[in-house]
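Chemist: Residue numbers (the numbering used here): 64 to 744.
1) I'd like to check one pair, residue 316 with residue 327: are the Cβ atoms closer than 8 Å?
2) Straight-line CA distance for residue 577 to residue 571?
3) Between residue 414 and the rest of its own chain, which residues show a CB-CB distance below 6 Å, the 5 nearest in sequence each way excluded?
4) Tell me the DSSP secondary structure of residue 320 in three-state form.
5) Just to confirm the assignment, what range does the alpha helix (DSSP H) spanning residue 513 have?
6) Using DSSP with H/G/I as helix, E/B as strand and the rest coil, what is residue 398?
7) Taking just the CA atoms, how far does residue 416 sit from residue 86?
8) With distances taken between CB atoms, is the gap from residue 696 to residue 610 smaller than 8 Å?
9) Flag this pair as yes or no: are the beta carbons of residue 591 and residue 692 separated by less than 8 Å?
10) How close, in whole Å, do the beta carbons of residue 219 and residue 254 come, if the pair is a contact with beta carbons under 8 Å?
11) Along the chain, which unbroken stretches of the beta strand (DSSP E) at least 3 residues long are found entirely within the segment 652 to 719?
12) Which of the three DSSP states is assigned to residue 341 in this structure?
13) Less than 8 Å between the CB atoms is what I'm expecting for residue 348 and residue 333, so what's the real figure, rounded?
14) Tell me which same chain residues have a C-beta within less than 6 Å of the C-beta of residue 491, skipping the five on either side of it?
15) Which of the three DSSP states is assigned to residue 438 in this structure?
16) Grouping DSSP H, G and I as helix and E and B as strand, with all else coil, what is residue 182?
17) With DSSP as the reference, label residue 117 as helix, strand or coil.
18) CB-CB under 7 Å to residue 498, same chain, minus the five flanking residues each way: which ones, in chain order?
19) Tell me the residue span of the alpha helix (DSSP H) that contains residue 547.
20) Any idea if residue 156 is buried or exposed, counting beta-carbon neighbours within 10 angstroms, 16 or more meaning buried?
21) Just verifying my parser: in three-state terms, what is the DSSP assignment at residue 230?
22) Could you check what DSSP says for residue 724 in three-state terms: helix, strand or coil?
23) Under 8 Å: do the segment 134 to 153 and the segment 257 to 276 share three or more Cβ pairs, one atom per stretch?
24) What residue range does the beta strand (DSSP E) around residue 407 cover?
25) Could you check the C-alpha separation between residue 93 and residue 271 for me, to the nearest Å?
26) Using a Cβ-Cβ cut-off of 6 Å (strictly less than) and excluding sequence neighbours within five positions of residue 356, which residues of its own chain qualify?
27) So what does DSSP say about residue 95, is it helix, strand or coil?
28) Count the other CB atoms within 10 Å of the CB of residue 524; is the residue buried (16 or more) or exposed (fewer)?
29) For residue 732, does the count of other Cβ atoms within 10 angstroms reach 16, so buried, or fall short, so exposed?
30) Express the C-alpha separation of residue 405 and residue 57 in angstroms, rounding to a whole number.
31) Does residue 239 pass the burial test, meaning 16 or more other C-beta atoms within 10 Å, or should it be called exposed?
32) Could you check whether residue 180 and residue 214 sit closer than 8 Å to each other, using their CB atoms as the reference points?
33) Excluding the five sequence neighbours on either side, which residues of its own chain have a C-beta within less than 7 Å of the C-beta of residue 755, listed in chain order?
34) Candidates 241, 133, 325 and 223: which alpha carbon is nearest residue 302's?
35) Out of 636, 650, 385 and 655, state which residue places its alpha-carbon closest to the alpha-carbon of residue 596.
36) Is it right to say residue 513 is buried, meaning 16 or more other beta carbons lie within 10 angstroms of its own, or is it exposed?
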């Protein structure tokens, strides 16, 4: 393998060698020019990247209090060490959404906040491996700017904090953080360095295969999704501003090049969309790749993979997208799943000659290292013991905390069959949110007291990543970790004042969860689309009813929408309890603008849920897990309509009243089954 690589290196060098020889002949009479000729040769620089770790340090599920070897940085760390030993020139990078996402993260931020002289657990783990640089995702901002400044060891010149000279610089990670498009409204300057330049050396080989080391300057520039201004408005409004990804790149990439950067690597926390570009674009990397001077892009945020040879979506097949080999408009790009399940690798073939460094794109390779799981043996890579040792004490504290009892339930609460009507894990969330908002309105907003208060929530875990990706809260004692399973994110409760037409539009957007079903098709059709389950908002109220006609195209599916038996009028007013993400436009739901918000609560949805369960003490299915507001419009289909869920759950589905469900394929080999739904019943 190395021999073949050296042969390729030699062939790549021949043209440059010839040019140098000609130049040498031309200057043979110039005895005054005694400067040494620049080294000529080629080498490979490997960019290794993680993304969306979401504080999953250990292969441990705090919601189930059990090991789950399918994720966790302690195993990713083993892959990273192997990558560093396998390849000569490695730059290790992280693409953000790093500090939030587990009960451990919430514990360190909100329950037992770490002190200024303590290092955040996820950064402790990452420092064990030795990252070169990282950027910030949207979830870095979930806990507020003062906390972010503290744990990243940064001082912010913002209104919410004292003058920079009065701020104490706390302990952060050993690696630098960069973000070029997030800036202070106080002075207009970036909160973090927009880019940093890493001084590295690269092994190259000349035409004889002789090895030498040459210095190279690598600029790493970061980008954060602009919609953070909506998603975390309560923390960020009046404090910071966010520029568009392309606009920031056009400003700072030339600066990095002028500073001597030989390469520019973009850490861009977003996916790629080929829709029209705007400065507010969430997934802008298709357009970022068109900015001159960018040599590689590390992507994330979407919790997907790139390259992805099997993808046939509009974005994957758009001009300029090579989803098989991992290029966007000619620029190598990678997205390494989430939770440490993969490592993204971009192997840049570099050529050095008298003009400096150049990327040889035709010999550059992009791949995903997914050997966390050995597909042949169905075994997972061993964990790196240094990681668990580094956070052992705080991990034990978190486990003790999440075991705190808060109540009891006489029924299982799951999302196994949320796609076909199960509400057992959703109704309690809706009830808690509605109760909280109604109490606030009655006490503080009497002008709205006659307007009905409803609530929406979604199945946050819908099986996207396999059998472990479902909410499962067993009947019996309920503890804090159960509430964290029922409500996954550190959102806060928001209330929006909407009209009937917005309610309908909201539900139409939610119904994009489903494919359009053709009743005449005889082969199996998949019920669910790629639309994420966490955007499948649903009501669970006996007062509000609606049907979803999945034989119709997107936007024309909600029928029989009624409130207390009467068709909802387009102008009829409702107060909807939801979360800050949805209320401020997250997910692209229509009509949810800032002027609709009548209450931006400081309280987390999860804390509201915990307090509600404590006050109720005992939950019963008849009252707390049966209020299904929606049905599919009945239709007979010529062929089966199928969906995936955990294996061996048919009896459970029937026990909760889903009698139109049957087994289509019992086992897919990964703990999942294909189920069939009879839409006529």
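We treat Cβ as the ideally placed atom computed from N, Cα and C, and that holds for glycine.
Modeler: Let me lay it out:
1) Sequence index remark: in the chain shown, residue 327 carries index 264 (1-based). Sequence index remark: in the chain shown, residue 316 carries index 253 (1-based). Result yes, Cβ atoms of residue 327 and residue 316 sit closer than 8 Å.
2) Within the chain shown, residue 577 is the residue found at index 514, counting from 1. Within the chain shown, residue 571 is the residue found at index 508, counting from 1. So the two alpha carbons sit approximately 11 Å from each other.
3) Taking the first residue of the chain shown as position 1, residue 414 is located at position 351. Same-chain partners within the cutoff: 75, 105, 421 and 423.
4) Taking the chain shown and counting its residues from 1, the one referred to as residue 320 is at position 257. DSSP, reduced to helix, strand and coil, places residue 320 within a helical segment of the structure shown.
5) By 1-based counting over the chain shown, the position of residue 513 is 450. Segment: none, residue 513 is in no alpha helix (DSSP H) and carries neither H nor E.
6) Locating residue 398 in the chain shown gives position 335, counting from the first residue. Correct three-state label for residue 398: strand.
7) As a first step, residue 86 must be located in the chain shown, where it is residue number 23. As a first step, residue 416 must be located in the chain shown, where it is residue number 353. Because residue 86 carries a pLDDT of 34, less than 50, the predicted location of this residue cannot be relied on, and the following value inherits that uncertainty. Residue 86 and residue 416: Cα-Cα distance of roughly 12 Å.
8) Locating residue 696 in the chain shown gives position 633, where the first residue counts as 1. Locating residue 610 in the chain shown gives position 547, where the first residue counts as 1. Taking 8 Å as the Cβ cut-off, residue 696 and residue 610 qualify as a contacting pair.
9) For the purposes of this step, residue 591 is identified with residue 528 of the chain shown, where counting begins at 1. For the purposes of this step, residue 692 is identified with residue 629 of the chain shown, where counting begins at 1. No, the Cβ-Cβ distance between residue 591 and residue 692 is not below 8 Å.
10) Here residue 219 refers to the residue found at position 156 when the chain shown is read from its first residue. Here residue 254 refers to the residue found at position 191 when the chain shown is read from its first residue. With a Cβ gap of about 6 Å, residue 219 and residue 254 count as contacting.
11) 660 to 667, 693 to 695 and 704 to 709
12) In the chain shown, the residue the question calls residue 341 occupies position 278. In the structure shown, residue 341 adopts coil according to DSSP, grouped into three states.
13) Translated into positions along the chain shown, residue 348 becomes position 285. Translated into positions along the chain shown, residue 333 becomes position 270. Indeed they touch by this definition, with Cβ atoms about 6 Å apart.
14) Along the chain shown, read from residue 1 onward, the residue named residue 491 stands at position 428. 687, listed in sequence order.
15) Along the chain shown, read from residue 1 onward, the residue named residue 438 stands at position 375. Here residue 438 sits in coil by DSSP.
16) Mapped onto the chain shown, residue 182 falls at position 119. Residue state, collapsed to three classes: coil.
17) Start at 1 with the first residue of the chain shown, and residue 117 comes out as number 54. In the structure shown, residue 117 sits in coil (DSSP, three-state: anything other than H, G, I, E or B).
18) For this step, residue 498 is matched to residue 435 along the chain shown. Taken in chain order, the residues that qualify are 675.
19) For the purposes of this step, residue 547 is taken as residue 484 along the chain shown, with counting starting at 1. From DSSP, the alpha helix (DSSP H) with residue 547 extends over 543 to 549.
20) Against the chain shown, residue 156 aligns to sequence position 93. Per the 10 Å Cβ criterion, buried.
21) The sequence position of residue 230 within the chain shown is 167, counting from 1. In this structure, residue 230 counts as coil in the three-state DSSP scheme.
22) On the chain shown, position 661 is the one that residue 724 refers to. Three-state DSSP puts residue 724 in a strand.
23) yes
24) On the chain shown, residue 407 is found 344 positions in, with the first residue counted as 1. 406 to 416 is the extent of the beta strand (DSSP E) around residue 407.
25) The sequence position of residue 93 within the chain shown is 30, counting from 1. The sequence position of residue 271 within the chain shown is 208, counting from 1. Legend: pLDDT at residue 93 = 40, less than 50; position of this residue unreliable, value from coordinates given subsequently. Answer to the nearest angstrom: the Cα atoms are 28 Å apart.
26) As a position in the chain shown, residue 356 is number 293, starting the count at 1. The answer, listed in chain order, is 316, 320 and 327.
27) For the purposes of this step, residue 95 is taken as residue 32 along the chain shown, with counting starting at 1. At residue 95 the pLDDT is 41, less than 50, meaning the model places this residue with poor confidence; the figure from the coordinates comes in the next sentence. The answer is coil: DSSP assigns residue 95 none of H, G, I, E or B.
28) Sequence index remark: in the chain shown, residue 524 carries index 461 (1-based). The residue is buried, with at least 16 neighbouring Cβ atoms inside 10 Å.
29) Residue mapping note: residue 732 aligns to position 669 of the chain shown, counting from 1. Exposed, because fewer than 16 other Cβ atoms sit within 10 Å of the Cβ of residue 732.
30) Look at the range of the chain in this structure, 64 to 744, and you will see that residue 57 is not part of it.
31) Locating residue 239 in the chain shown gives position 176, counting from the first residue. Buried, since its Cβ has 16 or more Cβ neighbours within 10 Å.
32) Position 151 of the chain shown, counted from the first residue, corresponds to residue 214. Position 117 of the chain shown, counted from the first residue, corresponds to residue 180. It is not a contact, given that the beta carbons lie outside the stated cut-off.
33) Outside the modelled stretch of the chain, which goes from 64 to 744, sits residue 755, for which no answer is possible.
34) Taking the chain shown and counting its residues from 1, one reaches residue 302 at position 239. Among 241, 133, 325 and 223, the Cα nearest to that of residue 302 is on 223.
35) In the chain shown, the residue the question calls residue 596 occupies position 533. It is 650.
36) Taking the chain shown and counting its residues from 1, one reaches residue 513 at position 450. Counting the other CB atoms within 10 Å of its CB gives residue 513 a total below 16, which places it among the exposed residues.
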